[in-house]
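In the order they appear, the protein sequences are chains A and B. Just so you know, we're using the numbering used here here: the first sequence kicks off at 1 and counts up by one. Just so you know, we're using the numbering used here here: the second sequence kicks off at 1 and counts up by one. Think of the CB as a built atom: it goes at the ideal place given N, C-alpha and C, for glycine as much as any other residue. The structure displayed is predicted, hence computed values, not measured ones.
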Amino acid sequence: GAGVSQSPSNKVTEKGKDVELRCDPISGHTALYWYRQSLGQGLEFLIYFQGNSAPDKSGLPSDRFSAERTGGSVSTLTIQRTQQEDSAVYLCASSPGGGSFSEQFFGPGTRLTVL
Amino acid sequence: AQSVAQPEDQVNVAEGNPLTVKCTYSVSGNPYLFWYVQYPNRGLQFLLKYITGDNLVKGSYGFEAEFNKSQTSFHLKKPSALVSDSALYFCAVRDFMFSGGYNKLIFGAGTRLAVHP
Chain A
1 GAGVSQSPSN KVTEKGKDVE LRCDPISGHT ALYWYRQSLG QGLEFLIYFQ GNSAPDKSGL
61 PSDRFSAERT GGSVSTLTIQ RTQQEDSAVY LCASSPGGGS FSEQFFGPGT RLTVL
Chain B
1 AQSVAQPEDQ VNVAEGNPLT VKCTYSVSGN PYLFWYVQYP NRGLQFLLKY ITGDNLVKGS
61 YGFEAEFNKS QTSFHLKKPS ALVSDSALYF CAVRDFMFSG GYNKLIFGAG TRLAVHP
């Protein structure tokens with residue numbers, strides 16, 4: 001079956017512009033995560049969605065970052081007024097549930113470059 | 001707070017030799033540990049996990065990991081490396097968010113494995 005997909009695969013933008021990154025989770029997966037992978041660093045948790053519950057936004061680095069998940073499926077991560085330090089690979093993951101034993105399935109990521 | 005450390009930025013090994021990629025962890029409570037691999041321009045792929053039970057966990061592509069509670073380690077191993085194993089490897093620990101009742105993964109910085117012919 002289809003895995004997690006993300007679009008675009010690459011995004012180059014100018015400083016100060018807004019960007020939207022899209023994630024299509026695996027069908028039927030109720031949990032969705034966004035992570036950020038900066039060069040030379042590990043993955044940094046950004047936000048978590050579970051079904052129709054309120055998301056956990058505790059990992060968002062600033063109020064320029066926001067995310068939504070429509071209909072419990074597709075998610076969009078929006079970065080407003082992008083800065084050069086926002087340059088990174090943004091990874092989306094989904095899992096059947098948020099429970100202890102659910103492994104997360106990752107998409108290929110969106111590489112964001114802010115000039 | 002939960003954390004994992006991968007002390008080696010890069011590991012070099014000759015094809016056919018055994019490989020070890022190191023990971024140590026710091027958790028409160030029982031550790032739930034994971035290994036993921038990232039090939040160039042690809043997302044992370046799950047390799048294996050330790051939840052409970054046998055200390056030696058077997059995973060995908062011939063990889064295994066040994067959980068050592070006394071040393072707080074969860075090293076990834078493979079008896080005979082392949083050139084195709086060259087990739088970026090991440091160790092992760094579950095951070096259970098009790099307020100939300102879900103898992104968040106805390107990742108190490110990653111170790112780049114280079115297998116030479």
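| Query | Result |
| --- | --- |
| Short CB-CB distance (under 8 angstroms) between residue 107 of chain B and chain A | yes |
| Backbone secondary structure at residue 39 of chain B - three-state DSSP | coil |
| C-beta neighbour in chain A for residue 55 of chain B, strict 8 angstroms | no |
| Contact set between residue 45 of chain A and chain B, taken where Cβ atoms lie within less than 9 angstroms | 95, 104, 105, 106, 107 |
| Selection from A:112, A:104, A:69, A:80 that minimises the alpha carbon distance to residue 90 of chain A | A:112 |
| Backbone CA spacing between residue 126 of chain B and residue 68 of chain A [nearest angstrom] | Here chain B comprises residues numbered 1 to 117, so residue 126 of chain B is not present and cannot be evaluated. |
| Distance CB(residue 103 of chain A)-CB(residue 46 of chain B) smaller than 8 angstroms | yes |
| Sequence-distant residues of its chain with Cβ nearer than 6 angstroms to residue 115 of chain A (five each side left out) | 14 |
| Helix, strand or coil at residue 13 of chain A according to DSSP, with G and I counted as helix | strand |
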